[in-house]
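First the structure, in the form of structure tokens, and then the observations on it.
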Amino acid sequence: MALADHLNIVQNVSKTVTSLIISASALFGTGFVFKSVFQPTAVVLDRIEIPESLETQGFKSEVVVQRLLDEINAYKSIANTNPKGGVDGPENALFSGMSKGTDAKIEASVGGISLQSIEQAVRFVFQKHPQVISGDITNVLTEPGTTGLEGRIRLSQQVISKRKNNTEKTTVDDLLKLLAFDLYAHFEPLRAALAAQRLGKPELALEVLRPMIISGTPAERKFALWLRSTLAPVAEREQYLLEALSIDANFFPALIGLSEFEVNQKRYAQSIEYADRAILLTPSSPLGFNAKGVALRASGDRAAAVQQFEKACALPVQSPGCHIHLGLEYMRAVDRQPPTKEALRKAYTEFAAAIKANPRASWAYSHAAFVSTELNDLKEAKILILRAIELDPVEPTHQFRYAYTMHRLGERVKAKEMMTNLLEANPNWLTTRGPQAAQRIAKTVLGEQ
32 MALADHLNIV QNVSKTVTSL IISASALFGT GFVFKSVFQP TAVVLDRIEI
82 PESLETQGFK SEVVVQRLLD EINAYKSIAN TNPKGGVDGP ENALFSGMSK
132 GTDAKIEASV GGISLQSIEQ AVRFVFQKHP QVISGDITNV LTEPGTTGLE
182 GRIRLSQQVI SKRKNNTEKT TVDDLLKLLA FDLYAHFEPL RAALAAQRLG
232 KPELALEVLR PMIISGTPAE RKFALWLRST LAPVAEREQY LLEALSIDAN
282 FFPALIGLSE FEVNQKRYAQ SIEYADRAIL LTPSSPLGFN AKGVALRASG
332 DRAAAVQQFE KACALPVQSP GCHIHLGLEY MRAVDRQPPT KEALRKAYTE
382 FAAAIKANPR ASWAYSHAAF VSTELNDLKE AKILILRAIE LDPVEPTHQF
432 RYAYTMHRLG ERVKAKEMMT NLLEANPNWL TTRGPQAAQR IAKTVLGEQ
């Protein structure tokens, strides 16, 4: 049965008892690549007691319960789909086979009955004893003279989440997000860590990963080590990836990660070796070919790199990554001469294919916008770059290209202000992360040439 088909909800609409009876395998997700170590479990999310001060703000118990469920579903969605749309991280290949079906629900009104009766209803539906989750939010003294809130979530009698907030620093919404994260992590720790990593919350991901690395099963440990490597500084990633490979010599994500690491260290032969192992292990995945292509391109063999990217794009699996790599090859200068219009049009075709493969691939929109600007299709360029910014608002390259497009559209004052603000906020960006010809473009927009 597909993962989504396990979702079962019985919602108590009583004003005094609000319960959501959920199959944990669907709410929290089974099948984390290795088919999950967690078995489907009936869970009752019972009433969350709240203080009167929150009730006056509209936070009724039933509202809090529903908010927790909404936040859990948000984490689940983020774990299953990369918000930035790229496929060059191995996690996307690992999750590519996940069910995309519609959740099947069993709904029943049990309004006004006791928790004991709710448990009986669960036993009837699931033929098993449910786990009962309850909780409370109380007013506490967080530090001398400062009042805040403390939230607790209990599974039966065990406290699985205890979080405090200072009302001057964090909101009730923040507290509910943390409680929901802890509840999700209790049932699906690896997915929760992945969601936290993708949300840019490494401290939450590390909270979950540390105990799994120390005392998890071999399957849990290798995935936890791989995720831990993505949170580490580049120079420290190798140790986690090698330890994951020591658990499973054919662990595909670690092979891809080590290929990328070796490119960063300019050890191209080793990078190609890891990529070849990944290709041999999973020839149906574009990631191995992409990794090998990146290594070959970095080593100076661009023709061989293009062949690898073309192999990746020829696979049945739709991948924006290979199309982006090919588009960048068409965009590059040849013999110190800028790309021809024909080459730019070929690049645009590849970026359009990347967008078709993944409509959330922000870099595909950004590169396509830059090419459109160079081809003087400025209205198209503006639409594309705004979409890239919508998908990834913190990436400086997208802001940089937006300023360039606005300059070409004739809005010189606005473009100059945007470029000035960008470079003040990111003073080293032009030399460390700026795209090709960035110095020339920046001087043009700023009116320095």
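Going from the sequence shown to our numbering is simple: count from 1 and add 31.
Just so you know, even glycine gets a beta-carbon here, dropped at the ideal spot from N, CA and C.
Computed from a prediction, not measured in an experiment: that's the story for all the values here.
Bridge partners of V190, per DSSP?
Along the sequence shown, one-based indexing puts residue 190 at 159. Answer is R185, bridged to V190.
Could you tell me which uninterrupted beta strand (DSSP E) segments, each at least 3 residues in length, are contained entirely in the segment 195 to 277, listed from first to last along the chain?
none
Could you please give the first and the last residue of the uninterrupted alpha helix (DSSP H) stretch that includes D307?
Counted from its first residue, the sequence shown places residue 307 at position 276. First-last of the alpha helix (DSSP H) with D307: Y299 to L312.
Find out if the Cβ-Cβ distance for the pair P351, A384 is shorter than 9 Å.
Reading the sequence shown from its first residue, position 320 is the one you call residue 351. Reading the sequence shown from its first residue, position 353 is the one you call residue 384. For P351 and A384, yes; Cβs fall inside 9 Å.
Nearest to A211 by alpha carbon, out of L417, I164, S187 and E251?
Numbered from its first residue, the sequence shown carries residue 211 at position 180. Ranking the options by Cα distance to A211, first place goes to I164.
To the nearest angstrom, how far is the alpha carbon of L100 from that of Y215?
As a first step, residue 100 must be located in the sequence shown, where it is residue number 69. As a first step, residue 215 must be located in the sequence shown, where it is residue number 184. About 10 Å.
Shortest alpha-carbon distance to M449 belongs to which of A364, R432 and K323?
As a first step, residue 449 must be located in the sequence shown, where it is residue number 418. It is R432.
Could you give the first and the last residue of the continuous alpha helix (DSSP H) run that contains L286?
For the purposes of this step, residue 286 is identified with residue 255 of the sequence shown, where counting begins at 1. F283 to N295 is the span of the alpha helix (DSSP H), which, as asked, contains L286.
Could you name the residues that DSSP lists as bridge partners for E80?
Numbered from its first residue, the sequence shown carries residue 80 at position 49. Beta-bridge pairing links E80 to D167.
Count the other CB atoms, across all protein chains shown, that sit within 10 Å of the CB of K20; report buried if there are 16 or more and exposed otherwise.
Within the shown structure, residues of the chain are numbered from 32 to 480, placing residue 20 beyond reach of any answer.
For the alpha helix (DSSP H) containing D101, list its first residue and its last residue.
As a first step, residue 101 must be located in the sequence shown, where it is residue number 70. Segment S92 to N111, the alpha helix (DSSP H) holding D101.
Give me the residue from R439, A434, M437 and S397 with the minimum Cα distance to E421.
Residue numbering aside, residue 421 sits at position 390 when the sequence shown is read from its first letter. Checked all of R439, A434, M437 and S397; the closest Cα to E421 is S397.
List the whole-angstrom C-beta distance separating L230 from L206, where the pair is believed to meet the contact cut-off of C-beta under 8 Å.
Locating residue 230 in the sequence shown gives position 199, counting from the first residue. Locating residue 206 in the sequence shown gives position 175, counting from the first residue. The Cβ separation is near 16 Å, so there is no contact.
Rounded to whole angstroms, what is the Cα-Cα separation between G478 and A336?
On the sequence shown, position 447 is the one that residue 478 refers to. On the sequence shown, position 305 is the one that residue 336 refers to. When rounded, the separation of the alpha-carbon atoms in G478 and A336 is 38 Å.
Which of helix, strand or coil does DSSP assign to T178?
Taking the first residue of the sequence shown as 1, we reach residue 178 at position 147. Reduced to three states, the DSSP call for T178 is strand.
Taking the CB atoms as reference points, tell me whether G319 and I287 lie closer together than 9 Å.
Numbered from 1 along the sequence shown, position 288 holds the residue referred to as residue 319. Numbered from 1 along the sequence shown, position 256 holds the residue referred to as residue 287. Yes, Cβ-Cβ distance for G319 and I287 is below 9 Å.
Between I168 and L85, how many whole angstroms is the CB-CB distance? I'm expecting something under 8 Å.
Position 137 of the sequence shown, counted from the first residue, corresponds to residue 168. Position 54 of the sequence shown, counted from the first residue, corresponds to residue 85. The pair is a contact, with the Cβ atoms about 7 Å apart (cut-off 8 Å).
So who's on the other strand from V402, going by DSSP bridges?
Reading the sequence shown from its first residue, position 371 is the one you call residue 402. None, per the DSSP bridge assignment.
Can you name the start and end residues of the alpha helix (DSSP H) that Q349 belongs to?
Sequence index remark: in the sequence shown, residue 349 carries index 318 (1-based). Careful: Q349 lies outside any alpha helix (DSSP H) and carries neither H nor E.
Provide the residue span of the alpha helix (DSSP H) that contains Q368, from first to last.
Taking the sequence shown and counting its residues from 1, the one referred to as residue 368 is at position 337. From DSSP, Q368 is part of no alpha helix (DSSP H); its letter is neither H nor E.
How would you label R259, buried or exposed, when you count the other beta carbons within 10 angstroms and need 16 or more for buried?
By one-based count along the sequence shown, residue 259 stands at place 228. Burial call: buried.
Taking buried to mean at least 16 other C-beta atoms within 10 Å of its own C-beta, is A334 buried or exposed?
Taking the sequence shown and counting its residues from 1, one reaches residue 334 at position 303. Its Cβ having fewer than 16 others within 10 Å, A334 is exposed.
Using 10 angstroms around the beta-carbon of Q430, count the other beta-carbons present and answer buried if the total reaches 16, otherwise exposed.
Translated into the one-based positions of the sequence shown, residue 430 becomes position 399. Buried: at least 16 other Cβ atoms inside 10 Å.
Ignore the nearest five residues each way along the sequence and tell me which others in V265's own chain have a CB closer than 8 Å to its CB.
In the sequence shown, the residue the question calls residue 265 occupies position 234. Within the same chain, V265 has close Cβ partners F292 and N295.
What's the call for P220, buried or exposed, on a 16-neighbour Cβ count within 10 Å?
Taking the first residue of the sequence shown as 1, we reach residue 220 at position 189. When all chains shown are included, P220 counts as buried.
I think V203 touches F90, with their Cβ atoms under 8 Å apart; what is that distance to the nearest whole Å?
Taking the first residue of the sequence shown as 1, we reach residue 203 at position 172. Taking the first residue of the sequence shown as 1, we reach residue 90 at position 59. With a Cβ gap of about 7 Å, V203 and F90 count as contacting.
Helix, strand or coil, according to DSSP, for R391 in the structure here?
Stepping through the sequence shown from its first residue, residue 391 is reached at position 360. Reduced to three states, the DSSP call for R391 is coil.
Under 9 Å between the Cβ atoms of K208 and E80?
Working through the sequence shown from its first residue, we reach residue 208 at position 177. Working through the sequence shown from its first residue, we reach residue 80 at position 49. No. Outside cutoff.
Report the rounded CA-to-CA distance for L409 versus R194, giving the unit in angstroms.
Indexing the sequence shown from 1 puts residue 409 at position 378. Indexing the sequence shown from 1 puts residue 194 at position 163. Their backbone Cα atoms lie some 50 Å apart in a straight line.
Determine the burial state of G166: buried for a count of at least 16 other Cβ atoms within 10 Å of its Cβ, exposed for fewer.
Taking the sequence shown and counting its residues from 1, the one referred to as residue 166 is at position 135. So G166 counts as buried.
Would you report the Cα separation of A110 and A226, rounded to the nearest angstrom?
Your numbering for residue 110 matches position 79 in the sequence shown. Your numbering for residue 226 matches position 195 in the sequence shown. So the alpha carbons of these two residues sit roughly 5 Å apart.
Please report the straight-line C-alpha distance between R443 and S330, rounded to a whole angstrom.
As a position in the sequence shown, residue 443 is number 412, starting the count at 1. As a position in the sequence shown, residue 330 is number 299, starting the count at 1. About 40 Å.
Using the three-state DSSP reduction, which class does I330 fall into: helix, strand or coil?
Stepping through the sequence shown from its first residue, residue 330 is reached at position 299. Note that residue 330 corresponds to Ser in the displayed sequence, not to Ile. Helix at S330.
Ignore the nearest five residues each way along the sequence and tell me which others in V68's own chain have a CB closer than 8 Å to its CB.
Working through the sequence shown from its first residue, we reach residue 68 at position 37. In this predicted model, V68 has a pLDDT of only 34, less than 50, meaning its place in the structure is not dependable; the value taken from the coordinates is given anyway. If we look at V68 and ignore the five residues flanking it on each side, its Cβ neighbours are T248, A250 and E251.
Kindly indicate which three-state DSSP category E442 falls into: helix, strand or coil?
The residue given as residue 442 occupies position 411 in the sequence shown. Here E442 sits in coil by DSSP.
If you reduce the DSSP assignment to three classes, tell me which class T428 lands in.
In the sequence shown, residue 428 corresponds to position 397, counting from 1. T428: helix per DSSP, three-state reduction.
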